[in-house]
Each structure stands twice: as C-alpha cells, then as structure tokens.
Amino acid sequence: MLRIVLAAVLTIATLSSAFADQFSKIVPANRKSQIYAHAVYQKQTCFSGAIPNMKVSRKPKHGKVIFQRSTFKLSKRAGRCAGKSIKGMGIYYTPDRNFRGQDKFTVSYSYEAYPGASRRNFISNTYDITVK
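The working numbering puts the sequence shown at residues 2 to 133.
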C-alpha cells in the first residue's frame, strides 16, 4: 500500500459548499509525479470520510492526469489527528515524453458534506505545472 505524507491542505467535510484554488508545482520530465492529494476526515474522530468523486474538467495540453486511491498520513496541520492514516485520492501528472515547459489542468471534485449527508460540497482547483 502506498503511504504518502500528506503535505497538501486537506479538505475538511464541514467547510462551505464551493471552492476554487490555484496551485503551482515543479515536476521532472519523463516521470509520473504526485501533484496533490484530497481527503476528507472527521475532526472529532479522525476517521476517513468518503473518497471524493474527481474528474479532469480541463485537460493538460502536454501530459496526462490520473487519480489513484491511496492511504495518507495526516500532517501536523491536522491538529490532534496528525499522524493518523486516512484514505483519499492522489492526483498524478505525467508529462508527454521529452516535454519541458509550462502546462496547466483543472480538477473538479465533490464529496459528502458529512457522512450520510444529502448535501455535497464542490471544488474546482487549477494546477500550474512546470516541467523541468
């Protein structure tokens, strides 16, 4: 099982219903790289929530994006839940062979506002990639 220290900001199920952010990342040419990770967890119990439904809403021009379910260890930013393992979805980017330069893509995803909720939260994040 792939274990990754979650350094990215985690999505917490109690936040409001729509967000959009932009992130930048430098990645090596000719290799698959993890760009970000999304997970939902309950602050009171530290248990994993539902894995977000994700899709690429704007494809990169010079590579491909895949999603991979993984288990993550929460970072110090998770407070009392730091170090706990939760399930989530990693976003991975692979540049076209021998490509170097700028690329960009957008990922949209949704998740339950809280376990068993009928209300869903929606997020759309844009990733600016520099391939070196």
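We treat Cβ as the ideally placed atom computed from N, Cα and C, and that holds for glycine.
{"query": "Check each candidate in 70, 64 and 41 and name the one with the smallest Cα separation from residue 187.", "result": "Here the chain has residues from 2 to 133 only, and residue 187 is not among them."}
{"query": "How many Å lie between residue 52 and residue 96 at the Cα?", "result": "26 Å"}
{"query": "Under DSSP, the beta strand (DSSP E) around residue 84 begins and ends at which residues?", "result": "No beta strand (DSSP E) contains residue 84, which DSSP labels as neither H nor E."}
{"query": "I need the DSSP call for residue 65, collapsed to helix, strand or coil.", "result": "strand"}
{"query": "Between residue 56 and chain D, is there a C-beta pair that is closer than 7 Å?", "result": "As a matter of chain content, chain D is missing from the structure shown, which is built from one protein chain."}
{"query": "Could you check the C-alpha separation between residue 122 and residue 112 for me, to the nearest Å?", "result": "5 Å"}
{"query": "Count Cβ pairs between the region 52 to 66 and the region 87 to 106 that sit closer than 8 Å; are there 3 or more?", "result": "yes"}
{"query": "If the criterion is Cβ atoms closer than 7 Å, does the pair residue 93 and residue 124 meet it?", "result": "no"}
{"query": "So is residue 163 buried or exposed if we call it buried at 16+ other beta carbons inside 10 Å?", "result": "Nothing can be reported for residue 163: it is not among the residues displayed for the chain, which extend from 2 to 133."}
{"query": "Leaving aside the five residues before and after residue 86 along the sequence, list all residues of the same chain whose C-beta is less than 6 Å from its C-beta, in chain order.", "result": "72 and 74"}
{"query": "Nearest to residue 49 by alpha carbon, out of 84, 31, 22 and 98?", "result": "84"}
{"query": "Using alpha carbons as the reference points, say which of 29, 90 and 110 lies closest to residue 99.", "result": "29"}
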